[in-house]
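Taken in order, these protein sequences are the chains called A, B, C and D.
Numbering-wise (our numbering), the first sequence opens with residue 569 and increments by one.
Numbering-wise (our numbering), the second sequence opens with residue 569 and increments by one.
Numbering-wise (our numbering), the third sequence opens with residue 569 and increments by one.
Numbering-wise (our numbering), the fourth sequence opens with residue 569 and increments by one.
Everything on this sheet refers to the single structure shown next.
There are 4 protein chains.
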Amino acid sequence: MTRRVIVDTDTAGDDTQAILLGALSGAVELELLTIVAGNVEFDYQVENAKYTLELAGVADEVPVYEGARRPLVKEFEHVDHVHGAGGLGGELFPDTGIESAEGYGPDAIVEAVRESPGELTLVCIGPLTNIALALRREPRLGELVEEVVVMGGAVNTLGNDTPSAEFNFWVDPDAAKVVMRELDVTLLDWGLTMRQATLESDELEPIEEAETPYADFFDEITAHLREFSEERFGSDATTQPDSLAMATVIEPDLVEEAPRYHVDVDEREGLTRGYSMVDELGITDGEARTRVVESIDEARFKTIFTDMLLHGDPDRSL
Amino acid sequence: MTRRVIVDTDTAGDDTQAILLGALSGAVELELLTIVAGNVEFDYQVENAKYTLELAGVADEVPVYEGARRPLVKEFEHVDHVHGAGGLGGELFPDTGIESAEGYGPDAIVEAVRESPGELTLVCIGPLTNIALALRREPRLGELVEEVVVMGGAVNTLGNDTPSAEFNFWVDPDAAKVVMRELDVTLLDWGLTMRQATLESDELEPIEEAETPYADFFDEITAHLREFSEERFGSDATTQPDSLAMATVIEPDLVEEAPRYHVDVDEREGLTRGYSMVDELGITDGEARTRVVESIDEARFKTIFTDMLLHGDPDRSL
Amino acid sequence: MTRRVIVDTDTAGDDTQAILLGALSGAVELELLTIVAGNVEFDYQVENAKYTLELAGVADEVPVYEGARRPLVKEFEHVDHVHGAGGLGGELFPDTGIESAEGYGPDAIVEAVRESPGELTLVCIGPLTNIALALRREPRLGELVEEVVVMGGAVNTLGNDTPSAEFNFWVDPDAAKVVMRELDVTLLDWGLTMRQATLESDELEPIEEAETPYADFFDEITAHLREFSEERFGSDATTQPDSLAMATVIEPDLVEEAPRYHVDVDEREGLTRGYSMVDELGITDGEARTRVVESIDEARFKTIFTDMLLHGDPDRSL
Amino acid sequence: MTRRVIVDTDTAGDDTQAILLGALSGAVELELLTIVAGNVEFDYQVENAKYTLELAGVADEVPVYEGARRPLVKEFEHVDHVHGAGGLGGELFPDTGIESAEGYGPDAIVEAVRESPGELTLVCIGPLTNIALALRREPRLGELVEEVVVMGGAVNTLGNDTPSAEFNFWVDPDAAKVVMRELDVTLLDWGLTMRQATLESDELEPIEEAETPYADFFDEITAHLREFSEERFGSDATTQPDSLAMATVIEPDLVEEAPRYHVDVDEREGLTRGYSMVDELGITDGEARTRVVESIDEARFKTIFTDMLLHGDPDRSL
Ligand SMILES: [Ca+2]
Ligand SMILES: [Ca+2]
Ligand SMILES: [Ca+2]
Ligand SMILES: [Ca+2]
């Protein structure tokens, strides 16, 4: 059975690979993309998304809606230093000529789920502004979707944007708080990525050597990021948080452990902006409604990912 | 020249009088109303607004759009204890049978101002959730409106909801922060109301004695509030913050002093949630963009208000 | 009956006048001074205090103890731009050669009140660090003193350091919070000073013309401050918050209205650091334990103050 | 060479074992103990400390000073539910009849380090109130001590008091912030304890079987805690955070990895009160002054600990 998916993305870096996975897998049908303020300048993100869809040959079928151009409440800064200016490594600045779909991202989400209640899965791989806005427009959003998969937070571990926060939650902590409070979410955090969704140098070699368009695209967009990671994290391994999120939608069996915990987000400015409080021991009296993915089948995920890059077919070994 | 006005309201208490003023004055043309979470239960507010329009005989012409049913981020509680259950004094629970307009409040605002750029004035007499949501949808909102008039905040004075905050700013401090940061606002605060927009017992007598439908309506909705005020503020004077906001749109010359100051809002939970920081001395380096109304022609305002109640014609003495 | 007084001071500007009042009035016996981090560099403050005692001829009798050199928790900056470098107008940098008393300010306070339980009054005219430290050493401090008089806070009015805070509370908001929570305080805030303890140009003329040492000292230390006030507040009137605090100890009948309210302080960094929440309407459930002075006998205060400067005798007209 | 040690402790549970280690090891000479508000009621803690010293036969030589009876600024609650009423498991309420030393804990620390500059090591195994108070009294504290060893914080891992905070930092986050900002600290956090300083059921067996007074004491005080841990953490293993801190003073070579990082503490009330921000990647511009112990020689630590309990001699295998 094909899962119908909406991707909400601040398209740069690994967002593109997640989109490719969704576009190329037979297990998923991309309904639409919504763009949200995040990684790099908004208009670059829109182009990056369109370019990626074009690369996968689905630009005609998957409309791209522009959403919130800034977080709900807080100010923020782009991270061009991570993904390179433009968000695709620093050399690639697509100009596809494809028109954005008419309408506002959060509306598009609301209308789609109203039309197909219980059938759509939201894969959220950027700051959660669009989703929070959709919630204000449609308080019953949670009942109308099949599943909400979020890449975000740093579950009782070091963050990647500040020591206390992961980037998506840091950019719009208010939206993250709203979403975690009001929706049943499957959460894949930065810690999971660090443990199980990084590709080490040796794992990257086959991709570097391959000459498929997807592998070339991957090499291009990761070049800058790998340098940055080398510097910040002391390793040129690549991290694939967004791809992992999409992969668990393609193949739910990837998820091995995912207990439900109470999750809250610190939305205040200061030391802990965007901190994800995950109550693993049930100490607080908050409701344990978030499914926190703690471990996945790492080998299988990497097979899916590599099959996509080397063969254009993430489902190849499924 | 008639000013075209959108009223954003959590209709209860004085919101009704502001709507009546707008509906009955020839200086103002009500384009539409949007309802926002605030004073009392959302659905009551919607009915209260429709009932008020009906009373003024304009229910056919002025569509009522339902907007945000909760604040951007924070939780809040209604203040039934202030306005009586239902928001109209506790005895009156209208059920007009009028349909709400199709569409979402914040969208209605955006579409209206896009259609008539520079021609519409927003009169905001509730929490600012709808306006903040409109800003996320249309970042150029400020350029598209003629003026944004806000009743809110407590300018370096005691608040009415907590000691540090006025109700509208307290309910949705995030929205208030966003609006004060991103729009040029004419602000009428709770302090101004306390100084110049309260009707004392003797001023209320003619209204109590009058038997016009507007005066009767006023008596009904203020009965509970006057008791509450007697208890909390030690006086049964009524306060007309929202009416004053609308009156300054009907007659801009009511405004006597309105310097521009930098205004910020504390959106954090805790002691100062909803606190309005107004930099009267220019100590901070924030931009002085908010026009803070410090004094009005009180006698004239009261004439307008009383003319409306006693003669159904706020313009009578203009 | 003479009241025995401890003055806790960040000696600069009006602190000196308060000390003079205490030293020259027969109604008060200065037991000791403690110096706290505040207005200007700590060592200047110590010298300023000693110089002032010397000027009043009591340097031999009143020991000066050095207290906390920084706030309990927060970082802060001096306000040399207000009081002039050094804190006495910018030209005067005393070097008295007088030794500080052996011991730590907060200890000196604790030991003094333990020796004379119920007999000493604390007049606190600087940030409240020393008092909070004394409280941690002696939890029964409140039972051991006769009265605690604090100059601090901005009661539902504009602050003088930031729009939301008065200087003493801003510098050490944690200490202010602790003191307001744990002691019964008589509070004289910045708003009271603005309303009733400012000397206008015409009131200052006799002082300027007088050639007594006290008047000359006053002229010197206020010269810079008056320029600063002219610039910031648009008036070269002088403000005498600390003198007023001491005057109410000399002559308690100066106080006309002083209801008890619940007072809390925002100790958080940010927009409202040092904000004094004063619950004038009893809305919160906090205990109404702080005696907030709302009005004084202004003429009489000014007589006391002027008598001190012109005749060296604050009690002259009492 | 013997290290001279001051122990600052909220004596309950493992604090007692740390004191025993210090008292029984020839590598350490206990100079004095200071008691600080924390685990259980203050007066119980004082008695617990004296009882422990008596058990080790050093009650005559090691004075116990009473320090701060509450945190610098925040309110807090005891954790009788963790350590049992009284803090020694719930059955044992010592009443030693030993007098506390004259003087205030923070003063005793200041006086001791002033007398022997550079010679004393502070082993801080409670909330850091006393240390922060000592810092306010003696700003040069850091220069006067040999080393400051702190058990506290949860370094990018789940806390034990709330999900975001370890108990000592949670109780007095302001003091923790002050200490981390103003002193060079060797920090042993809760995460290290969880990884390397827990004794599992099988490791506890020999202790349970032994009938030495120390082993009996250990069994008694851990009985309640093990039940509590079983419930909260799903394991009846005991945790020895304080013992580990003291063990690293007895045998510094226990420490295997201890890089220096910038550490800050969130002192705000709310979700992240007491959160320890540890900048492992050097992302912030804070100074990397805290030596964060990341790994120790676990086997050796356990040998020291067991030797103490079974043979009364922690140095037995050194
Ligand atoms: Ca992303
Ligand atoms: Ca309203
Ligand atoms: Ca002062
Ligand atoms: Ca402890």
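Here a beta-carbon is modelled for each residue, glycine too, at the ideal position from N, C-alpha and C.
Candidates the options, of which the one nearest residue i by Cα
i	options	result
threonine 509(C)	Gly710(C), Asn607(C), Phe610(C) and Glu643(C)	No answer is possible for residue 509(C): the residues shown for chain C start at 569 and end at 886.
isoleucine 693(A)	Thr874(A), Ala744(A), Pro631(A) and Gly658(A)	Ala744(A)
proline 820(B)	Gly759(B), Asp847(B), Asp883(B) and Thr584(B)	Asp883(B)
leucine 690(A)	Glu683(A), Thr754(A) and Asp853(A)	Thr754(A)
leucine 696(C)	Val718(C), Glu679(C), Ile677(C) and Val713(C)	Val718(C)
aspartate 729(B)	Arg708(B), Thr602(B), Leu660(B) and His646(B)	His646(B)
aspartate 784(A)	Leu703(A), Gly657(A), Phe735(A) and Ala815(A)	Gly657(A)
histidine 651(A)	Leu849(A), Arg794(A) and Phe610(A)	Arg794(A)
alanine 595(A)	Glu706(A), Val817(A) and Arg704(A)	Val817(A)
leucine 601(D)	Glu798(D), Val678(D), Arg638(D) and Gly759(D)	Val678(D)
Helix, strand or coil at residue i according to DSSP, with G and I counted as helix
i	result
isoleucine 699(A)	helix
histidine 879(C)	helix
alanine 580(A)	coil
tyrosine 619(B)	helix
tyrosine 843(A)	coil
threonine 852(B)	coil
aspartate 663(C)	coil
arginine 884(C)	coil
serine 863(C)	strand
aspartate 742(B)	helix
arginine 784(D)	Reading the sequence as shown, one finds aspartate at residue 784(D) and not arginine. Looking at aspartate 784(D) - three-state DSSP - the assignment turns out to be helix.
Beta-carbon gap between residue i and residue j smaller than 7 Å
i	j	result
aspartate 865(C)	alanine 586(C)	no
asparagine 607(D)	aspartate 578(D)	yes
methionine 762(A)	leucine 839(D)	no
threonine 806(C)	threonine 780(C)	no
tyrosine 619(C)	alanine 676(C)	no
proline 741(A)	leucine 701(A)	no
aspartate 847(D)	tyrosine 829(D)	yes
leucine 897(C)	alanine 813(C)	No statement about residue 897(C) is possible, as the shown extent of chain C runs from 569 to 886 and does not include it.
glycine 635(A)	asparagine 698(A)	yes
isoleucine 775(C)	leucine 877(C)	yes
glutamate 855(C)	leucine 660(C)	no
leucine 640(D)	leucine 703(C)	no
Own chain residues within Cβ distance below 6 Å of residue i, not counting five before or after
i	result
glutamine 560(B)	With chain B covering 569 to 886 only, the question about residue 560(B) has no answer from this structure.
glutamate 825(A)	Glu862 and Ser863
Cβ neighbour criterion (16 or more within 10 Å) applied to residue i
i	result
alanine 722(D)	buried
threonine 570(C)	exposed
alanine 605(D)	buried
serine 885(A)	exposed
proline 685(A)	exposed
arginine 682(B)	exposed
serine 732(A)	buried
aspartate 853(C)	exposed
glutamate 643(B)	exposed
arginine 708(C)	exposed
serine 769(C)	exposed
glutamate 835(D)	buried
Close Cβ partners of residue i (< 8 Å) along its chain, the five nearest in sequence each way excluded
i	result
glutamate 599(C)	Arg572, Val573, Ile574, Val630, Ala680 and Leu688
glutamate 597(A)	Thr570, Arg571, Arg572 and Val573
Cβ shell of residue i (< 7 Å), same chain only, five flanking positions each side left out
i	result
glutamate 615(D)	Pro662, Asp663 and Thr664
leucine 822(B)	Ala815, Thr816, Ile864, Asp865, Arg868 and Phe869
Short CB-CB distance (under 7 Å) between residue i and chain G
i	result
alanine 636(D)	You won't find chain G in this structure, because its protein chains are A, B, C and D.
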